[in-house]
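Going by this note's numbering, the sequence shown opens with residue 2, and the numbers climb by one from there.
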Amino acid sequence: AYIGPKVARYLDNLKRRLADAGVNAMVRIMQSNGGVTTVEQASRNPVGLLLSGPAGGVIGGRWTGEACDQREIITIDIGGTSADISVIRGGELTIKNPRDTEVAHMPVLVPMIDIDAIGAGGGSIAYVDSGGAFRVGPKSAGAEPGPACYGRGGLLPTVTDAQVVLGRLDAEHFLGGGQHIDPALSDQAIRTHLAEPLGLSVKDAALGVLRIINNNMALAIASNSVARGIDPRNYSLMAFGGAGPLHGVALGEMIAAKNVISPLHPGITAAMGLLVTEPRYEFTQSSLTILQSGTDKDLAAVNAAFGRL
């Protein structure tokens with residue numbers, strides 16, 4: 002009820018502007034259950050859009066895995082602020098029971114792809130806490146001001162700055178040359194806020210940033226897989242998102258994955274998922290009765306409700 006009117010206005014505006022631009026294709030909206038739906042249905046059931054972006058990533062990961070003849074996959078979508086983890090078994094998505102679905106610790110009661118999200122990404126800020134411990138995340142620099150190397154006023158070191166200092170991001174061809182980054186600003190941020198307080202070289206401090214963030218993500222993967230009886234040694238690790246390939250090999254080694262797959266265009270894997278998924282419509286209705294005292298009439302009522310759905 003709270004988000005419904007806002008979502009409806011947004012989607013109606015999107016549909017109208019596309020029509021004004023001469024786009025006559027039917028508009029489909031991604032859902033958190035792994036399928037797409039119409040604008041009208043999405044407006045009536047906006048809660049089904051929660052985590053729909055990460056859901057598209059899992060679909061894209063499955064599609065890429067099929068192209069690589071891999072059906073047992075752990076996906077990790079690493080962007081600027083978060084890492085989203087899911088498991089694909091035998092080519093099938095893992096769907097949460099509606100009773101177990103939560104977003105921001107709030108029950109949403111709709112079917113959703115089982116995705117665990119943690120605060121770990123390229124914008125995660127590295128710092129020394131009040132007790133002198135070296136930490137990374139979950140706070141993020143976001144896109145604005147972004148990592149120090151962006152030169153937009155960000156002064157704190159991030160995971161991206163560590164990658165720049167270690168030469169793993171090409172300053173001359175960042176985003177295909179579309180965005181300038183300044184390695185000197187990354188060096189200064191890491192030196193001032195990490196290396197000097199910890200008595201480390203700038204390079205060692207940068208390596209420390211990556212070790213910590215990778216460990217955080219590896220623990221999250223273990224929580225999503227090992228703790229549920231899944232052995233990563235039998236699974237491929239699919240690392241995508243803007244920062245995925247920068248961490249994929251290290252994570253694959255840490256969890257002992259069978260192999261590591263990096264899509265050819267990792268930054269648009271979620272967008273590819275939107276293109277290859279199918280329409281999906283799900284309807285639920287509760288029917289409460291006591292099994293021990295249930296009658297044929299109760300069963301008929303349940304079947305009738307199912308028929309209406």
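Ideal Cβ placement from N, Cα and C applies to all residues, glycine included.
Next item on the list: State yes or no: is the C-beta of Ala190 within less than 8 Å of the C-beta of Ile114?
Entry: Your numbering for residue 190 matches position 189 in the sequence shown. Your numbering for residue 114 matches position 113 in the sequence shown. No, these two residues do not count as a Cβ contact at 8 Å.
Check: Looking only at DSSP bridge pairs, what is Leu276 linked to?
Finding: Mapped onto the sequence shown, residue 276 falls at position 275. According to DSSP, Leu276 bridges with nothing at all.
Item checked: Thr290 (DSSP reduced to helix, strand or coil) -> Against the sequence shown, residue 290 aligns to sequence position 289. DSSP places Thr290 in coil when its eight states are reduced to three.
Next item on the list: Under 8 Å by Cβ, that's how I've got Gly122 and Gly81 pegged, so tell me the actual separation to the nearest angstrom.
Entry: As a working mapping, residue 122 is identified with position 121 in the sequence shown. As a working mapping, residue 81 is identified with position 80 in the sequence shown. Going by Cβ atoms, the distance from Gly122 to Gly81 rounds to 5 Å, so yes, they are a contact pair.
Checklist line | Cβ neighbour criterion (16 or more within 10 Å) applied to Gly49 | finding: One-based indexing of the sequence shown puts residue 49 at position 48. That one is buried.
Notebook entry, point to check: Exposed or buried, Gly58, counting other C-beta atoms within 10 Å across all chains shown (16 or more means buried)?
Noted result: Along the sequence shown, read from residue 1 onward, the residue named residue 58 stands at position 57. Label assigned to Gly58: buried.
Check: Which word fits Val203, buried or exposed, when buried means at least 16 other C-beta atoms lie within 10 angstroms of its C-beta?
Finding: For the purposes of this step, residue 203 is identified with residue 202 of the sequence shown, where counting begins at 1. Result: buried.
Note to self: Judging by CA-CA distance, which residue of Asp13, Asn260 and Leu51 is the nearest neighbour of His106?
What the structure shows: Along the sequence shown, read from residue 1 onward, the residue named residue 106 stands at position 105. When each option's Cα is compared against that of His106, the closest is Leu51.
Notebook entry, point to check: DSSP on Tyr128, reduced to helix/strand/coil?
Noted result: The residue you call residue 128 lines up with position 127 of the sequence shown. Strand at Tyr128.
Check: Taking one C-beta from the region 74-88 and one from the region 117-134 each time, how about it: are there three or more such pairs within less than 8 Å?
Finding: yes
Next item on the list: Return helix, strand or coil for Glu103, following the three-state DSSP convention.
Entry: Here the question's residue 103 lines up with position 102 in the sequence shown. Correct three-state label for Glu103: strand.
Next item on the list: Give me the Cα-Cα distance between Ala68 and Pro264, rounded to the nearest whole angstrom.
Entry: Residue mapping note: residue 68 aligns to position 67 of the sequence shown, counting from 1. Residue mapping note: residue 264 aligns to position 263 of the sequence shown, counting from 1. Approximately 10 Å, taken between the alpha carbons.
Note to self: Let me make sure I understand the geometry here. Which of Asp13, Arg18, Gly36 and Ile4 has the alpha-carbon closest to that of Leu276?
What the structure shows: In the sequence shown, counting from the first residue as 1, residue 276 sits at position 275. Minimum Cα distance to Leu276 is reached at Gly36.
Item checked: Minimum C-alpha distance to Thr159 - residue among Leu252, Ala84, Arg136 and Ile116 -> Translated into positions along the sequence shown, residue 159 becomes position 158. Ranking the options by Cα distance to Thr159, first place goes to Arg136.
Notebook entry, point to check: Cα-Cα, which of Asp297, Pro198 and Asp205 is closest to Ser131?
Noted result: Numbered from 1 along the sequence shown, position 130 holds the residue referred to as residue 131. For the residues Asp297, Pro198 and Asp205, the minimum Cα distance to Ser131 belongs to Pro198.
Margin query: I believe Tyr282 touches Thr38 by the beta-carbon criterion, under 8 Å. Please report the beta-carbon distance rounded to the nearest angstrom.
Written below: As a first step, residue 282 is located in the sequence shown; it is residue number 281 there, counting from the start. As a first step, residue 38 is located in the sequence shown; it is residue number 37 there, counting from the start. Contact holds; Cβ gap of about 6 Å.
Next item on the list: Pick out whichever of Leu167, Gly177, Asn304 and Gly179 has its Cα sitting closest to the Cα of Asp188.
Entry: The count along the sequence shown starts at 1 and reaches residue 188 at position 187. Nearest C-alpha to Asp188: Leu167.
Check: To the nearest angstrom, how far is it from the Cα of Asp205 to the Cα of Val261?
Finding: The residue labelled residue 205 in the question sits at position 204 within the sequence shown. The residue labelled residue 261 in the question sits at position 260 within the sequence shown. Going by the C-alpha atoms only, they are around 26 Å apart.
Check: Is Gln286 near Ala271, with beta carbons less than 8 Å apart?
Finding: As a first step, residue 286 must be located in the sequence shown, where it is residue number 285. As a first step, residue 271 must be located in the sequence shown, where it is residue number 270. Not closer than 8 Å, so no.
Note to self: When you compare the CB positions of Asp117 and Ser33, do they come within less than 8 Å of one another, or not?
What the structure shows: Residue 117 sits at position 116 when you count from the first residue of the sequence shown. Residue 33 sits at position 32 when you count from the first residue of the sequence shown. Against a cut-off of 8 Å, the Cβ pair of Ser33 and Asp117 comes out as no contact.
Next item on the list: Following the continuous alpha helix (DSSP H) through Ile213, name the residue where it begins and the one where it ends.
Entry: Counted from its first residue, the sequence shown places residue 213 at position 212. Per DSSP, Ile213 belongs to the alpha helix (DSSP H) from Val203 to Asn225.
Next item on the list: Give me the Cα-Cα distance between Gly249 and Val104, rounded to the nearest whole angstrom.
Entry: On the sequence shown, position 248 is the one that residue 249 refers to. On the sequence shown, position 103 is the one that residue 104 refers to. Rounded to whole angstroms, Gly249 to Val104 spans 26 Å at the Cα level.
Check: Nearest-angstrom Cα distance between Arg169 and Phe175?
Finding: Taking the sequence shown and counting its residues from 1, one reaches residue 169 at position 168. Taking the sequence shown and counting its residues from 1, one reaches residue 175 at position 174. Approximately 11 Å between the Cα atoms of the pair.
Item checked: C-beta atoms of Gly61 and Gly245 nearer than 8 Å -> Within the sequence shown, numbered from 1, the residue matching residue 61 stands at position 60. Within the sequence shown, numbered from 1, the residue matching residue 245 stands at position 244. For Gly61 and Gly245, no; Cβs fall outside 8 Å.
Notebook entry, point to check: So, helix, strand or coil for Asn25, using DSSP?
Noted result: Against the sequence shown, residue 25 aligns to sequence position 24. The answer is coil: DSSP assigns Asn25 none of H, G, I, E or B.
Notebook entry, point to check: Hey, quick one: how far does the beta strand (DSSP E) through Ser87 stretch, first residue to last?
Noted result: On the sequence shown, position 86 is the one that residue 87 refers to. Its beta strand (DSSP E) spans residues Ala84 to Arg90.
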